[in-house]
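Numbered as in the numbering used here, the sequence shown ends at 983 without a single skipped number. Note that the Cβ used here is the ideal one computed from N, Cα and C, for glycine as well. Since the model is a prediction, treat every value here as computed from it, not as a measurement. A short worksheet on the structure shown next.
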Amino acid sequence: MALPAALSRPNHSLARQSDSLFPAPHRIYSRNLQVLKNPSRSLSFKTAAASAPHNVSPVYSCLTESIVSNSVPKASIRRPPYIPNRIPDPSYVRVFDTTLRDGEQSPGASLTVKEKLDIARQLAKLGVDIIEAGFPAASKEDFEAVKMIAKEIGNAVDEDGYVPVICGLSRCNEKDIRTAWEAVKYAKRPRIHTFIATSEIHMEHKLRKTKEEVIEIARNMVRFARSLGCDDVEFSPEDAGRSDREFLYQILGEVIKAGATTLNIPDTVGYTMPFEFGKLIADIKSNTPGIENVIISSHCQNDLGLATANTVAGACAGARQVEVTINGIGERAGNASLEEVVMALQCRGEHVLGGLHTGINSRHIFLTSKMVEEFTGLNVQPHKAIVGANAFAHASGIHQDGMLKHKGTYEIMAPEDIGYERSNDAGIVLGKLSGRHALKSLLLELGYELDGENLDNVFWRFKAVAEQKKRVTDADLRALVSDEVFQPTVLWKLLDMQVTCGTLGLSTATVKLLDADGKEHIACSVGTGPVDSAYKAVDLIVKEPATLLEYSMNAVTEGIDAIATTRVLIRGDKSYTSTNALTGEAVQRTFSGIGAGMDIVVSSVKAYIGALNKMLGFQGIDIKVTEEKTLSA
Numbered sequence: 351m352a353l354p355a356a357l358s359r360p361n362h363s364l365a366r367q368s369d370s371l372f373p374a375p376h377r378i379y380s381r382n383l384q385v386l387k388n389p390s391r392s393l394s395f396k397t398a399a400a401s402a403p404h405n406v407s408p409v410y411s412c413l414t415e416s417i418v419s420n421s422v423p424k425a426s427i428r429r430p431p432y433i434p435n436r437i438p439d440p441s442y443v444r445v446f447d448t449t450l451r452d453g454e455q456s457p458g459a460s461l462t463v464k465e466k467l468d469i470a471r472q473l474a475k476l477g478v479d480i481i482e483a484g485f486p487a488a489s490k491e492d493f494e495a496v497k498m499i500a501k502e503i504g505n506a507v508d509e510d511g512y513v514p515v516i517c518g519l520s521r522c523n524e525k526d527i528r529t530a531w532e533a534v535k536y537a538k539r540p541r542i543h544t545f546i547a548t549s550e551i552h553m554e555h556k557l558r559k560t561k562e563e564v565i566e567i568a569r570n571m572v573r574f575a576r577s578l579g580c581d582d583v584e585f586s587p588e589d590a591g592r593s594d595r596e597f598l599y600q601i602l603g604e605v606i607k608a609g610a611t612t613l614n615i616p617d618t619v620g621y622t623m624p625f626e627f628g629k630l631i632a633d634i635k636s637n638t639p640g641i642e643n644v645i646i647s648s649h650c651q652n653d654l655g656l657a658t659a660n661t662v663a664g665a666c667a668g669a670r671q672v673e674v675t676i677n678g679i680g681e682r683a684g685n686a687s688l689e690e691v692v693m694a695l696q697c698r699g700e701h702v703l704g705g706l707h708t709g710i711n712s713r714h715i716f717l718t719s720k721m722v723e724e725f726t727g728l729n730v731q732p733h734k735a736i737v738g739a740n741a742f743a744h745a746s747g748i749h750q751d752g753m754l755k756h757k758g759t760y761e762i763m764a765p766e767d768i769g770y771e772r773s774n775d776a777g778i779v780l781g782k783l784s785g786r787h788a789l790k791s792l793l794l795e796l797g798y799e800l801d802g803e804n805l806d807n808v809f810w811r812f813k814a815v816a817e818q819k820k821r822v823t824d825a826d827l828r829a830l831v832s833d834e835v836f837q838p839t840v841l842w843k844l845l846d847m848q849v850t851c852g853t854l855g856l857s858t859a860t861v862k863l864l865d866a867d868g869k870e871h872i873a874c875s876v877g878t879g880p881v882d883s884a885y886k887a888v889d890l891i892v893k894e895p896a897t898l899l900e901y902s903m904n905a906v907t908e909g910i911d912a913i914a915t916t917r918v919l920i921r922g923d924k925s926y927t928s929t930n931a932l933t934g935e936a937v938q939r940t941f942s943g944i945g946a947g948m949d950i951v952v953s954s955v956k957a958y959i960g961a962l963n964k965m966l967g968f969q970g971i972d973i974k975v976t977e978e979k980t981l982s983a
């Protein structure tokens, strides 16, 4: 596919000198932090010439800053050669995506092997440096998913030589570490990420171990990971934000000597403030022996809503890897959001963050966000920064007037920067007479590149909707794509259904399903309403008992003829468990499903069948994972 003009322009890089010009890292951090605290204030850096020998060129001088145009996404990605413990470009920030590991710990976010493979493939298109593909020791299914991602995505080298690092998480014990290595070793660039708690409260109440014992375990397990043949080992002191500083310096120094290449500093409970977290990174950089031989990373939880701010503060202080998730999903309140951190660096990196930049192709952000939203069933709130439905919407009359005169008045970035096409700029209006080419063109503008069977399925769904609506909107198309493309492997498919309901008697439903072998099954049931009776009829056919935990429905657009999207969350009555990476406890999995249609009962049944398909696929009934690429962008 030909690249848009914006993607073919070379980068305008900012020439900078090495960090050696700034002997005290916290000074750089403090200076940048003042701007973060008060963005309206002008930025002034003294040049190196003021304090350095005359033969040293100025580093950066910016007296004023004004935004006169929308941000332009980095096109020709400045990605330095990958060296596990060193980054040749001191301004480059590695993006470590943990959507498939930490993100999947969100309630209801269980993913099948096929869905994980599709997301990993999309993350590679996005250009993330490291994909944490999962916690291999959690279950057999998790192990197989990580192994498959390592084999396929971890060996897909593009024309520029880029291939993502594939990482597996493990606790600090030999069994976990060996299992992680067996899963990731097939990748060209495998990594083991191991962790142990270091805060007083964790060591006393969870580990019940002394500081000396924790240091010994960490040192031995990092050394064991290296002994397996893994040259890229990441170590995390869990709950570092609440750990004693001197103890942190000590344990980090020991794991560096044992062979760690990346030190990840997690704010596990989202407790620190941005200035505190930035100072933590700066202090570690200044006081840990051997720190110059490793990469410092940050992992910030969002319990106080500060994950993105803390992550940016950490990068300003010297962290050169950021651990993030798509849409900010994750345990409890979630993690730092990839799209927020990346766009913050892209919009402000050259101006106030000392030239910090990433290798992310931001034009893939929107599609990646939608894929994760649909696969996990975790809806993005409308006001979510960057990817929310209202992120580029303007309702105020004053704002609309400004936008009509110049878009830069109220937008610091263009929606096209993240791969989102504003509906009123697309220029194509679809109706019942529109053809396949017009549909494909509009889908392409919306960020979806569909071909073959996927395009055929969406086209016929579109034609059915267009027969009942005068105009099919972008929101309608997104709902149809989600319903046809972002679905688990089909074990059961809805063919037909008929429902009778009202005040004169019991609701009844007749459902016809098609199984994976092409055989039709019909069942009839009664219930308290049309959805209840239809679900009971499905249960009679599938014979896989499940409990409905959540049910929600939304209209995609306004009007009585709107498409309805339904989301359900179920839990199997049989045991579907995995191990929680942080607590070690067995947790019961839940599974989500999404359906769309102009008939709300049909939409509801599709969502329920989708959830059942995901649950059955996770169980391993469908052991075949298709290698077909469902979509690309």
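Query: Stretch pair the stretch 684-698 + the stretch 659-672: three plus CB contacts closer than 8 Å; Result: yes
Query: Residues near M475 in its chain [Cβ-Cβ closer than 6 Å; skip 5 each side]; Result: Reading the sequence as shown, one finds Lys at residue 475 and not Met. Once the five neighbours on either side are set aside, the close Cβ partners of K475 are H714.
Query: Spatially closest choice to S520 from G727, T529 and C697, by CA coordinates; Result: T529
Query: When A912, I768, S719 and A665 are compared against L630, the one with the closest alpha-carbon; Result: A665
Query: Exposed unless 16 or more other CB atoms sit within 10 angstroms - verdict on H733; Result: exposed
Query: Own chain partners of G992 with C-beta closer than 7 Å, once the 5 adjacent residues on each side are dropped; Result: What is shown of the chain runs 351 to 983, which leaves residue 992 out entirely.
Query: CA nearest to the CA of I615, picked from M903, G579 and I546; Result: I546
Query: Where R698 sits in the DSSP three-state scheme; Result: helix
Query: C-alpha distance - P457 paired with K466, whole-angstrom precision; Result: 16 Å
Query: Spatial distance of V534 from K820 (CA atoms); Result: 51 Å
Query: The stretch 868-880 / the stretch 835-853 touching (three or more Cβ pairs under 8 Å); Result: yes
Query: Residue interval of the beta strand (DSSP E) (run including G603); Result: Segment R595 to A608 is the alpha helix (DSSP H) holding G603; no beta strand (DSSP E) there.
Query: Which listed residue (V572, E509, M965 and D594) has its alpha carbon closest to that of P838; Result: M965
Query: Through-space distance from Q818 to L890, alpha-carbon basis; Result: 32 Å
Query: Among D510, I542 and I516, the one whose alpha carbon lies nearest that of E524; Result: I542
Query: Test item: CB-CB of T858 and S832 under 9 Å; Result: no
Query: Exposure of S577, with buried meaning 16 or more beta-carbon neighbours within 10 Å; Result: exposed
Query: When V737, I567 and A568 are compared against N677, the one with the closest alpha-carbon; Result: V737
Query: Option in V822, R828, V815 and A814 with minimal Cα separation from L800; Result: R828
Query: Pair within 9 Å by beta-carbon distance, G945 and S954; Result: yes
Query: Range of the contiguous beta strand (DSSP E) that encloses S719; Result: It is not in any beta strand (DSSP E) - S719 instead sits in the alpha helix (DSSP H) that spans I715 to T726.
Query: Chain-order list of residues whose beta-carbon lies under 8 Å from that of L386 (same chain, five-residue window excluded); Result: Only weak support is given to the placement of L386: the predicted model assigns it a pLDDT of 39, under 50, and the value that follows is read from those uncertain coordinates. Excluding residues within five positions, the ones whose Cβ falls inside 8 Å are P624, A659, V662, A663, C666 and V702.
Query: Nearest-angstrom Cβ-Cβ length linking Q671 and F446, presumed shorter than 8 Å; Result: 5 Å
Query: Beta strand (DSSP E) runs contained entirely in the stretch 496-572, provided each spans 3 or more residues; Result: 515-521 and 540-547
Query: Delimiting residues of the beta strand (DSSP E) encompassing R917; Result: A914 to G922
Query: Close beta carbons around F597, own chain, < 7 Å, minus the five adjacent residues each side; Result: T548 and K561
Query: Beta carbon of V822 nearer than 9 Å to that of L863; Result: no
Query: First and last residue of the uninterrupted alpha helix (DSSP H) at D889; Result: P880 to V892
Query: G960 (DSSP reduced to helix, strand or coil); Result: helix
Query: Selected residue, minimal CA-CA separation from G769, among A814, N740, E584 and N711; Result: N711
Query: 8 Å contact criterion, which I565 and I437 should meet: CB distance rounded; Result: Wrong, their Cβ atoms sit about 27 Å apart, outside the cutoff.
Query: L654 vs G704 beta-carbon contact at 9 Å; Result: no
Query: Proximity test, M693 beta-carbon vs the ligand HEM heavy atom, cut-off 8 Å; Result: No copy of the ligand HEM occurs in the structure displayed, which carries no ligand at all.
Query: V918 vs Y901 beta-carbon contact at 9 Å; Result: yes
Query: Distance between R682 and A402 (C-alpha atoms, nearest Å); Result: Residue placement at A402 is flagged as unreliable, the pLDDT there being 38, under the threshold of 50; the coordinate-derived value follows with that caveat. Using only the alpha carbons, I get a separation of about 48 Å.
Query: Euclidean distance between Cα positions of L695 and I959; Result: 41 Å
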